[in-house]
Amino acid sequence: MAEPQHGKRSNGRVIAWCMAGVVGMFAFGFALVPLYDVFCEITGINGKTGGRYEAQVTNQVDANRTVTVQFLASNGPGMSWEFRPVTRSIKVHPGEPVTVNFYAENGSDEAMVGQAVPSLSPAEGTLYFHKTECFCFNQQPLEAGESTEMPLVFIVDPELPEHITKLTLSYTLYDQSQKAEVSGAAGAAKTTNNNG
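Quick note: the sequence shown uses our numbering, first residue 12, plus one each step.
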């Protein structure tokens, strides 16, 4: 008779450990994305570029040196927009602010929201490529059939190592329509609840 009691306690412990493991893995999964972003920003691995850069007046333009910056654009899974750089390649002097545009057209029959995610190669260059204005900082809503040109303003840091003569900035555009609908609905519900 004592055996079944011991078996129930043992099963309870196993279940508790399994549940704790599941909760721990779930929490780790949520924490992994921000931790990875911080790691990439610190190390420059994966070519992730930083956020907005505040241009400093003291930046000196190195007119004796040119760096070629190439631009690539692609769509993520499920994204049906036409998305491309207006200028595919440009030669810049380190330290000078440069503006280029990317073209996006929503060819679908419904409104969509896109979010561009940048990547820069070589990875070493991420520390020296500064975006002062970028369409990638915000989501881009487009109505069905609507098109737009989206600006990117950047500066290649004069401290860029001499052996780097070419940078390739690539954007992947992802469909964020469902996420935008969910956050929009949540915001509308919050506003409704606050207003009574």
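All residues carry an ideal CB built from backbone N, CA and C; glycine is no exception.
It should be emphasised that the depicted structure is a prediction, and the values quoted were computed from it without experimental measurement.
Original post:
Quick one: what does DSSP say Gly125 is sitting in, helix, strand or coil?
Top reply: In this structure, Gly125 counts as strand in the three-state DSSP scheme.
Relative to the alpha-carbon of Pro96, which residue among Gly40, Gly32, Pro45 and Thr159 has its alpha-carbon at the smallest distance?
Thr159
Nearest to Asn77 (by Cα), restricted to the options Gln187, Thr183, Glu173 and Leu184: Position check: residue 77 holds Thr in this sequence, whereas Asn was assumed. The option with the nearest alpha carbon to Thr77 is Glu173.
**Study point:** Assigned exposure category for Cys145 - 16 Cβ within 10 Å defines buried
**Key:** Cys145 should be labelled buried.
Taking just the CA atoms, how far does Val72 sit from Ala155?
42 Å
- Taking buried to mean at least 16 other C-beta atoms within 10 Å of its own C-beta, is Gly136 buried or exposed? Gly136 is buried by the Cβ-count criterion.
Measuring CA to CA, which of Ala122, Val34, Trp28 and Phe94 is closest to Asn112?
Phe94
* Looking at C-alpha atoms only, which residue of Val124, Asp168, Phe37 and Gln187 is the closest neighbour of Leu138? -> Asp168
Pick from Phe82, Arg99 and Met90: whose alpha carbon is nearest that of Asp120?
Met90
- [ ] Enumerate in chain order the residues of its own chain whose CB-to-CB distance from Tyr182 is below 6 Å, with the five nearest sequence positions on each side excluded.
- [x] These residues qualify, in order along the chain: Ala84, Ala127 and Pro129.
Exercise for review: Please determine, among Glu170, Leu171 and Gln150, the residue with the shortest C-alpha to C-alpha distance to Met161.
Suggested key: Gln150
(Q) Please identify the residue among Val109, Gly125 and Val34 whose C-alpha is closest to the C-alpha of Phe148. (A) Gly125
Own chain, CB closer than 6 Å to Ala74, minus 5 neighbours either side, in chain order: His104
request  = Specify the secondary structure class of Ala27 as computed by DSSP and reduced to three states.
outcome  = helix
**Ala38 versus Ser100: straight-line alpha-carbon distance, rounded** = If you take the alpha carbons of Ala38 and Ser100, they lie about 42 Å apart.
Q: Give the DSSP-derived three-state secondary structure of Leu180 in the structure shown.
A: strand
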